[in-house]
Amino acid sequence: MTTKSRSTSPRRRTGWTREPQFLDLASELGAKLRDLRVSKGFTLKQAEDLTGVPHPTLSRIETSKMTPTLPLLAKVVAGLKVPWSAVLPQSVVSDNPSGPPVSFSAEQAMGIRLGRREALALHPDNPLTGRIATFIMSTRHRTLKAAGGLVGHPNTEFCFVLDGELRLHLQGKRARLMRPGESALFDSRIPHAYTAASADVARFLSITVPHASAPAAADDGPAPRRPRKLP
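In terms of the numbering used here, the sequence shown has 197 at position 80, counting the first letter as 1, and numbering is strictly consecutive.
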């Protein structure tokens with residue numbers, strides 16, 4: 118009696134299924150954020166005005182009494198106008214951050230963990246991250262509460278679903294179910310959150326651009342008229 122050997126096809130490898138070594142940002146994050154704020158000459162209250170994050174919350178983050186979610190950290194990074202590389206451990210930041218702004222994701226990608234959320238930061242030490250931030254985000258959270266609630270930040274945001282089923286929540290709108298290949302582009306000042314729509318992990322590409330280099334949101338209304346000069 119002969120048994121047929123089961124032929125197994127090689128597993129398809131893609132850049133999206135890498136399992137990076139995740140660095141926990143929480144251990145050094147508070148001190149880094151405080152140093153960044155102080156170096157720019159901002160008080161906690163001024164930082165609140167810039168980031169939209171209450172100064173008691175900022176204080177708790179800086180003293181390591183609270184671990185922020187990645188969306189909350191995104192608000193702080195955008196408000197202080199610093200690149201994401203500024204909050205990464207020094208061991209992964211380029212020795213020449215002001216060098217030519219050309220990098221490739223296979224060379225520059227860093228897995229980061231903050232609380233229960235994981236992300237793959239693409240091109241973290243490229244100086245252009247001050248203008249555009251690119252992440253591959255993963256979420257298993259099924260509820261808004263578990264995801265950290267709705268959070269807004271001053272960016273234009275694009276997301277593209279890579280794996281699993283993703284639910285995009287936007288304040289004032291019905292949650293949108295998104296599947297691989299589907300995308301969304303929106304003003305991320307609108308409080309929003311991402312949750313997994315099934316028991317499987319949802320993975321998506323997230324790209325954010327600061328509003329300073331993006332057009333104003335359509336719902337901002339017409340620009341105010343300039344006053345006429347009186348004769």
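Virtual Cβ for every residue (Gly too), placed ideally from N, Cα, C.
Query	Result
Identify which residue in 290, 199, 168, 293 has its Cα closest to the Cα of residue 250.	199
Taking 9 angstroms as the threshold (C-beta atoms), are residue 310 and residue 261 in contact?	yes
Determine the DSSP secondary structure at residue 172, reduced to helix, strand or coil.	helix
Is DSSP giving residue 317 helix, strand or coil here?	coil
Residue 293 and residue 301 look like a contact to me (Cβ under 8 angstroms); what is the Cβ gap, rounded to whole Å?	7 angstroms
Expressed to the nearest angstrom, what Euclidean distance is found between the alpha-carbon atoms of residue 221 and residue 252?	14 angstroms
Measure the beta-carbon distance from residue 228 to residue 192 and round it to whole angstroms, keeping in mind my assumption that it falls under 8 angstroms.	With a Cβ gap of about 22 angstroms, residue 228 and residue 192 do not count as contacting.
Helix, strand or coil: how does DSSP classify residue 267 here?	coil
Looking at residue 150 and residue 175, is the spacing between their C-beta atoms short of 9 angstroms?	yes
Is residue 270 closer than 9 angstroms to residue 306 when the C-beta atoms are compared?	yes
Hey, quick one: how far does the beta strand (DSSP E) through residue 302 stretch, first residue to last?	300-304
Near residue 282, which residues of its chain fall below 8 angstroms by C-beta distance, leaving aside the five closest residues on each side in sequence?	294, 295, 296, 313, 314, 315, 317, 319
When the Cα atoms are used, what is the spatial distance from residue 210 to residue 308?	At residue 210, the pLDDT of 46 sits below 50, so the modelled position is not reliable; the number obtained from the coordinates is stated separately. Near 31 angstroms, if we compare the C-alpha coordinates of residue 308 and residue 210.
Which same chain residues end up closer than 7 angstroms to residue 157 when comparing Cβ atoms and leaving out the 5 residues on each side of it in sequence?	197
Classify residue 304 as buried or exposed, calling it buried when 16 or more other Cβ atoms lie within 10 Å of its own Cβ.	buried
What do you get for residue 173, buried or exposed, if any count of 16 or more other CB atoms within 10 angstroms of its CB means buried?	exposed
Can you give me the start and stop residues for the beta strand (DSSP E) that residue 243 sits inside?	Unbroken run through residue 243: none, as it is neither H nor E.
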